[in-house]
Every structure is written in structure tokens, then in C-alpha cells.
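Residue numbers (the numbering used here), protein chains in the order written: chain A, 1 to 220; chain B, 1001 to 1220.
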């Protein structure tokens, strides 16, 4: 019974990593759509949302079944709860990809101009956070999870800088307000991806150390 | 044992309602700070965040203890998991209040001008959603939870209108870009409060009906 239980836990972990891969890919695609203004990529992002949502429900159901069938020990209980929370965060990363793709679609009707914000770089940092948090989850490594918090400060600082330079830019070029606002919102969407990665890191620490570090290390 | 267990479930519900009251008040205060430009109210919001975060951890711990102690029946298991999810959403409502208060503080240094966005009205609609979702939770009323989704469409429409009118306004008055951007971000923060209310409504339906309605009725 216990062996079977731990096989099920491993399977749950595997499914969650598939979910993570899909969420990461959705963000990458949405940013590729931004970079190239290729609206067909936006359609891919919209399609993948359905698959992500379906997998989210499957994972939640697996976790629920495990909670119902067994009387898990404390660390397994924390693991299952962490999976439920991480699952929700990954689904929201997917939502951010959809939000970005919606903005890119709006920008499709507007002149393609140079804006003072490096969206691909911001995306790359946010996704690095997601990957680091997942690596920490795979290895059950709380120290690695800690390092995600420092990366979050970087992402926040980059986003604040983007906000300031876009504000200045709009004052100089009010005719480019629609483009600038879309870029501003996309930058904030990517910041939220970083916030979700932070949540995942907190869940890993909660699972491994049994301590709840939320709100002690970071705030957003 | 079962009697005690159900007393504990009631206590968990009570605590969650306290959490909800705190989150709602934080939003009300942040919007009052926006309306009056009274920065001392912002400080209240920042203080209350600590209390909200503390209570979030307490509620999660109570829920975990209940899961660990007992082998809950399916509906109780769904209830406890709903509480864990609703708890996270309420904490994020509190985060939105902090985000709004941070924007209001930034606006404190800027001229107070009339902007084409009715923030108090948007706040009032978003908070009505939160209250309706909680009412559904208190009564275990899935039909009432359904009605939250329609309210969310209204909030989204208001927010889209605000985005459009602020874009136009900035083009005409680029000198007021900083104020306009702050108002735009506040409007989006309030839209996210509505999204959290939608999540709560989905959790109520999941608990009561045993069906996972997420992503079928609404998307954001």
C-alpha cells in the first residue's frame, strides 16, 4: 500500500512537471509573438490554454484522490498541498501568457515602433525564476528555492525601470501611447510570472523544511 | 470525534470570514486613500498586510491539522481544500490593496487632477463580487456563486472602458501621464480583486457540487 502510495506521489510530481513545461512554453510563445509580431503564434497560446486548464484539473483530482485514500504522513501531506498550490500558480503563469498574447494582438493593428523596454530580457529573467523554482522542487532543495527570492528583486527592479522610462517616453511621444501602454502591461504580466515563481519557491520550502516562509523573505 | 471534527470545520470557516473582512477592509481603505489623497490611510493598509499574512498562515495550519488528524469524507475534504484556496485568494486581495496604496502614495507627489476613470465605482463593483462570493460560501449556495461570474463580466467591461478612455486622455494631456498611468494600474488592481472573487465562487461550487467548474464558465 505504501509503495503504491509513493508511486502515486511520483506520478503526481511528473504530471506537475508536464504542467510546468506547458506554462513555460506558453510564455515563451507569447514573447516570441511580441518580438516578431506574428499573430499566428498568439493563436497557439490561446489554444494551449485549454490544455493547461485541463491538466490543472487532472492534477488537482489526483492530489485529492491521494488525500482521500491515504492518511498521509506530515511530509507527504505537505508535499501534496504544495503540489496543489504550485499547480494553481502554474495555471496562472499560463494566464499571463494569454494576457500577453491578447496585448500583442492589439498591437498588431498599430505601427511597430521601438519602445524603451526590453520585453524579451524581462521574460528571460522571469522564466529563469520559474525554472529555478522547479529545479528546487525536483530536487527538494530549499537552498535553491531561497535563491529565487533574490532573482525576484531583480525582476521587480527591471520592471520599475521599464515603468519609469515608458512614462517619460509617453510624455515625449503621446502619439505612441497605445503601443507604450501595451508594452507596460506586458512588462507587468512578466513581473507577475516572477511572483508566481516566488510562490512556487515558498511552497518548496514549506514542503521540505516544514516551515512556512511566506511573507518573511519577500513581498509584492 | 466526528462532533469535534465538525466543530473544527466551523471554526475554520469563522476564521476564513475574519480573513475576508480584513481583505475587504484593506481594499476599502486603499480606495478611500485614493479618493481623499490621505496618505495616512495608506499606512493603515501597509500595517494591515502583516496581520492578513499572519492570519493566512494560521488558517492554512488549521486546515493542514484537520487533514492530518482525520480521514475526512469527500465533501469535508473538498471543503477544507476550498478553504485553503479561498484563503490564498483573500490574501492576494490584500496584496492588491497594498499595490493600490503604493500607487496612491506615488500620486501624492503629483497634482491632483480629474481623470476619466471612476475608481470608487470600480472598487464598489469588485467588492460586491467578493461579498457575493463569500455569501455563497457561508450559505454553501452554488447558484449564488454562479451569479458572481456575470458580475465579473461587468467589471471587465468597466475596466476595458477605463483603459480606452485613459489612452485617449494621455494622448491629449501627455503632461498628466504619471497620474493617468497610476490610475490605470489601480483600475487593473481592482479588476484582479474581481478575478479573485471569481476564484472564490468557483471554489464554492467545487465544494458544494463536487464538480470543478473552473475555466468552463469564465476566463481571464
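In this text, a Cβ means the ideal position worked out from N, Cα and C, and glycines have one as well. Every value quoted in this text rests on a predicted model; they were computed, and no experiment measured them.
Neighbour-count burial assignment, residue i, 16 or more Cβ in a 10 Å radius
| i | result |
| --- | --- |
| residue 179 (chain A) | buried |
| residue 1181 (chain B) | buried |
| residue 1029 (chain B) | buried |
| residue 47 (chain A) | exposed |
| residue 1045 (chain B) | buried |
| residue 1175 (chain B) | exposed |
| residue 216 (chain A) | Bear in mind that the predicted position of residue 216 (chain A) carries a pLDDT of just 48, short of 50, making it unreliable; the figure below should be weighed with that in mind. Burial call: exposed. |
| residue 98 (chain A) | buried |
Chain-ordered chain B contacts of residue i [CB-CB under 9 Å]
| i | result |
| --- | --- |
| residue 203 (chain A) | Within 9 Å Cβ-Cβ: nothing; residue 203 (chain A) doesn't reach chain B, min ~11 Å. |
| residue 4 (chain A) | Within 9 Å Cβ-Cβ: nothing; residue 4 (chain A) doesn't reach chain B, min ~17 Å. |
| residue 74 (chain A) | 1064, 1068 |
| residue 181 (chain A) | 1163, 1166, 1167, 1170, 1181, 1184 |
Residue of the options minimising C-alpha distance to residue i
| i | options | result |
| --- | --- | --- |
| residue 1009 (chain B) | B:1077, B:1056, B:1023, B:1176 | B:1077 |
| residue 1201 (chain B) | B:1133, B:1158, B:1161 | B:1133 |
| residue 1022 (chain B) | B:1050, B:1011, B:1012 | B:1050 |
| residue 1031 (chain B) | B:1053, B:1014, B:1176, B:1125 | B:1125 |
| residue 1196 (chain B) | B:1156, B:1004, B:1108, B:1073 | B:1156 |
| residue 1011 (chain B) | B:1122, B:1161, B:1063 | B:1063 |
| residue 1111 (chain B) | B:1037, B:1137, B:1162 | B:1037 |
| residue 164 (chain A) | B:1177, B:1115, B:1186, B:1054 | B:1177 |
| residue 137 (chain A) | A:172, A:2, A:207 | A:207 |
| residue 1166 (chain B) | B:1053, B:1014, B:1117, B:1154 | B:1117 |
Contacts around residue i, its chain only, beta-carbon distance under 6 Å, and the 5 residues preceding and following it disregarded
| i | result |
| --- | --- |
| residue 66 (chain A) | 8, 80 |
| residue 34 (chain A) | 104, 119 |
| residue 1090 (chain B) | 1019, 1020, 1023 |
| residue 1042 (chain B) | 1033, 1101, 1104, 1105 |
| residue 139 (chain A) | none |
| residue 1209 (chain B) | 1142 |
| residue 1109 (chain B) | none |
| residue 1013 (chain B) | none |
| residue 93 (chain A) | 23, 193, 196 |
Residues near residue i by beta carbon distance below 7 Å, same chain, minus five either side
| i | result |
| --- | --- |
| residue 218 (chain A) | With a pLDDT of only 39 at residue 218 (chain A), under the threshold of 50, the placement of this residue in the model should not be trusted, and no figure is reported. |
| residue 87 (chain A) | 16, 19, 56, 59, 60 |
| residue 203 (chain A) | 82, 85, 86 |
| residue 147 (chain A) | 132 |
| residue 1123 (chain B) | 1027, 1031, 1190 |
Partners in chain B for residue i, counting only beta-carbon separations shorter than 8 Å
| i | result |
| --- | --- |
| residue 175 (chain A) | 1171 |
| residue 125 (chain A) | Ordered by position in chain B, no residue passes the 8 Å Cβ test against residue 125 (chain A), which lies about 21 Å from the chain. |
| residue 221 (chain A) | Only positions 1 to 220 of chain A appear in the structure, and residue 221 (chain A) is not among them; the question remains open. |
Anticipated Cβ contact below 8 Å, residue i with residue j, distance rounded
| i | j | result |
| --- | --- | --- |
| residue 1144 (chain B) | residue 1135 (chain B) | 6 Å |
| residue 1159 (chain B) | residue 1191 (chain B) | 4 Å |
| residue 189 (chain A) | residue 96 (chain A) | 5 Å |
| residue 1068 (chain B) | residue 74 (chain A) | 6 Å |
| residue 1161 (chain B) | residue 1115 (chain B) | Not a contact, Cβ separation roughly 13 Å. |
| residue 1170 (chain B) | residue 170 (chain A) | 6 Å |
Contacts around residue i, its chain only, beta-carbon distance under 8 Å, and the 5 residues preceding and following it disregarded
| i | result |
| --- | --- |
| residue 1127 (chain B) | 1024, 1027, 1028, 1193 |
| residue 1113 (chain B) | 1176, 1179 |
| residue 39 (chain A) | 33, 104, 105, 108 |
beta-carbon residue i near the ligand FMN non-hydrogen atom, thresh 6 Å
| i | result |
| --- | --- |
| residue 1167 (chain B) | Questions concerning the ligand FMN fall outside what the structure shown contains, since it holds no ligand whatsoever. |
Chain-ordered chain A contacts of residue i [CB-CB under 9 Å]
| i | result |
| --- | --- |
| residue 1178 (chain B) | 167, 171 |
| residue 1077 (chain B) | 64, 67, 68 |
Partner residues on chain B for residue i, Cβ-Cβ distance less than 7 Å
| i | result |
| --- | --- |
| residue 190 (chain A) | Chain B residues near residue 190 (chain A): none, gap ~14 Å exceeds 7 Å. |
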